[in-house]
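Asks:
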Amino acid sequence: MKLSENDITPEQLFKQRRKLIALFGSATIFPFLPNISYADDLPDKRTTLTFTPQQQNSLTLTPEDKVIGYNNFYEFGVEKGSPAQYAKNFKTDPWRLEVTGEVEKPLVLDHNDLLTKFALEERIYRFRCVEAWSMVIPWIGFELASLLKMAAPTSRAKYVVFETLYDPEQMPGQKNPFFGGGIDYPYIEGLTIEEAMNPLALLSVGLYGKTLAPQNGAPIRLVVPWKYGFKSIKSIVKITLTEQPPITTWMKLAPHEYGFYANVNPQVDHPRWSQASERVIGAGGLFNITRQPTLMFNGYEEQVAHLYAHLDLRKNY
Ligand SMILES: Nc1nc2c(c(=O)[nH]1)N[C@H]1C(S)=C(S)[C@@H](COP(=O)(O)O)O[C@H]1N2
Ligand SMILES: [Mo]
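In the numbering used here, the protein residues as written are 4 to 320.
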């Protein structure tokens with residue numbers, strides 16, 4: 004993964020400038036511009052969701068235009084602005100999500116099921132990318148455990164494996180290995196069954212009150228707030244319960260840099276950079292350089308530390 008110190012891409016800056024130029028009729032009065040929403044440049048197919056809102060907590064939400072404009076979704080290119088641009092026409096309805104493997108009751112959900120089969124609730128979570136930046140996102144979704152229980156895991160189910168859609172015609176990064184960051188697609192992620200059953204593990208179908216934009220992983224993606232962002236796999240088509248551990252995408256690409264667990268841990272650095280602190284996206288004004296200390300398990304230690312009590316987190320990174 005690339006580590007970028009720039010929150011705003013030249014293309015985004017260009018769009019912001021273009022807007023103000025249109026507004027004020029001069030290119031010279033704003034040589035450099037602060038963060039201004041450009042999200043309304045995008046055709047927007049998102050619809051409003053009905054959900055139980057979360058009680059206000061002390062976290063400051065990342066502005067919506069950052070959440071939908073600064074993305075990692077390598078199927079649509081490796082630059083932070085690429086997913087919003089290249090996923091614009093990504094077809095997410097109809098959709099088919101299959102739950103299979105070590106389950107008593109395999110099941111298939113269609114697009115409508117994703118939004119109606121489970122009561123939707125809001126979860127305001129910290130989100131920490133392994134590249135050392137962070138956001139706070141008001142997700143909407145339901146607990147992964149609810150879906151897994153519906154499928155009735157067998158006693159042999161030890162892992163839960165997730166797979167993103169494979170469709171090179173729609174995903175330019177799958178068609179062209181240079182555009183897609185050299186990843187062997189489809190994108191695969193996994194959790195232990197204990198992790199998957201933890202109440203914090205969320206299947207998200209929306210954020211900021213609306214269905215997901217394609218660049219955020221529409222129509223359904225995983226959110227595991229105590230782990231690095233790459234575990235939170237997008238646009239899921241298949242969930243397989245297995246006895247054996249999966250070989251996940253980033254592990255396969257660079258095993259000494261990205262492990263299976265990928266728990267947020269300020270004490271275990273990435274081989275190429277420190278994980279002790281993080282850049283807060285959307286904060287810090289003009290140059291967006293606000294940093295804050297990274298928290299153990301991204302601030303969710305109380306809820307998840309017991310899952311790893313017997314593990315050496317330096318070895319099991
Ligand atoms: N299929 C797929 N899922 C993915 C990725 C990806 O490239 N492909 N990137 C991951 C990474 S590295 C991060 S940080 C998050 C970003 O989620 P966001 O763009 O919604 O903030 O998605 C994760 N899920
Ligand atoms: Mo990430």
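Positions of the beta carbon are idealized from the N, C-alpha and C atoms, including for glycine.
On a predicted model such as this, the values are computed, not experimentally measured, just so you know.
Which word fits residue 301, buried or exposed, when buried means at least 16 other C-beta atoms lie within 10 angstroms of its C-beta?
Replies: Flag for residue 301 reads buried.
Asks: Starting from the N-terminal side, write out each stretch of the beta strand (DSSP E) that is 3 residues or longer and does not extend beyond the region 190-267.
Replies: Listed in chain order, they are 191-195, 205-210, 224-226, 239-245.
Asks: If contact is defined by three or more beta carbon pairs under 8 Å, each pair taking one atom from either stretch, is the region 216-233 in contact with the region 118-136?
Replies: In short, these stretches touch, since the Cβ pair count reaches three.
Asks: I'd like to confirm something about residue 143: is its beta-carbon nearer than 6 Å to some heavy atom of ligand 1, or not?
Replies: Outside the cutoff, so no.
Asks: Would you kindly work out how many angstroms separate the C-alpha atoms of residue 294 and residue 157, rounded to a whole number?
Replies: Using only the alpha carbons, I get a separation of about 44 Å.
Asks: Could you compute how far the alpha carbon of residue 60 sits from the alpha carbon of residue 211?
Replies: Computed Cα separation, rounded: 15 Å.
Asks: Out of 171, 213, 109, 251, point me to the one whose CA is closest to residue 93's CA.
Replies: Among 171, 213, 109, 251, the Cα nearest to that of residue 93 is on 171.
Asks: On the premise that residue 297 lies in contact with residue 267, defined as a C-beta separation below 8 Å, what is that separation, rounded to the nearest angstrom?
Replies: Indeed they touch by this definition, with Cβ atoms about 6 Å apart.
Asks: For residue 70, which option in 139, 160, 63, 205 has the closest C-alpha, if you only look at C-alpha atoms?
Replies: Checking every option, the nearest Cα to that of residue 70 belongs to 139.
Asks: Whole angstroms are fine: how far does the CA of residue 313 sit from the CA of residue 99?
Replies: Rounded to the nearest angstrom, the two C-alpha atoms are 38 Å apart.
Asks: DSSP three-state call for residue 86: helix, strand or coil?
Replies: In the structure shown, residue 86 sits in a helix (DSSP, three-state: H, G or I).
Asks: Which of the three DSSP states, helix, strand or coil, is assigned to residue 116?
Replies: Looking at residue 116 - three-state DSSP - the assignment turns out to be helix.
Asks: Tell me the rounded alpha-carbon separation between residue 66 and residue 285.
Replies: Near 6 Å, if we compare the C-alpha coordinates of residue 285 and residue 66.
Asks: Could you tell me whether the Cβ atoms of residue 177 and residue 188 are closer together than 7 Å?
Replies: Contact flag set, yes.
Asks: Pull up the DSSP beta-bridge partners for residue 102, would you.
Replies: Residue 102 pairs with 110, 242.
Asks: DSSP state of residue 146, grouped into three classes?
Replies: Of the three classes helix, strand and coil, the one that applies to residue 146 here is strand, per DSSP.
Asks: Take residue 160 and list the residues in its own chain whose beta-carbon comes closer than 6 Å to its own, dropping the five residues that flank it on each side.
Replies: If we look at residue 160 and ignore the five residues flanking it on each side, its Cβ neighbours are 105, 196, 244.
Asks: Would you say the beta carbon of residue 79 comes nearer than 6 Å to a heavy atom of ligand 1?
Replies: No, since every heavy atom of ligand 1 falls outside the 6 Å radius drawn around the Cβ of residue 79.
Asks: Hey, out of 202, 222, 131, 206, whose CA is closest to residue 278's CA?
Replies: With distances taken between Cα atoms, residue 278 lies closest to 131.
Asks: Out of curiosity, what's the CA-to-CA distance linking residue 240 and residue 101?
Replies: The alpha-carbon atoms of residue 240 and residue 101 are separated by roughly 6 Å.
Asks: Roughly how many whole angstroms lie between the Cα atoms of residue 141 and residue 68?
Replies: Looking at the two C-alpha atoms, the distance is approximately 13 Å.
Asks: Keeping to the same chain, check which residues put their C-beta closer than 6 Å to that of residue 38; ignore five residues upstream and five downstream.
Replies: Here residue 38 scores only 39 on pLDDT, less than 50, and its place in the model should not be relied on; the value that follows carries that caveat. Cβ neighbours of residue 38 beyond the five flanking positions: none.
Asks: For residue 309, does the three-state DSSP call read helix, strand or coil?
Replies: The answer is helix: DSSP assigns residue 309 an H, G or I state.
Asks: When the Cα atoms are used, what is the spatial distance from residue 74 to residue 108?
Replies: In a straight line, the C-alpha of residue 74 is about 35 Å away from that of residue 108.
Asks: Can you name the residues that DSSP bridges to residue 138?
Replies: 130.
Asks: Do you know offhand how far residue 85's Cα is from residue 48's?
Replies: Approximately 18 Å between the Cα atoms of the pair.
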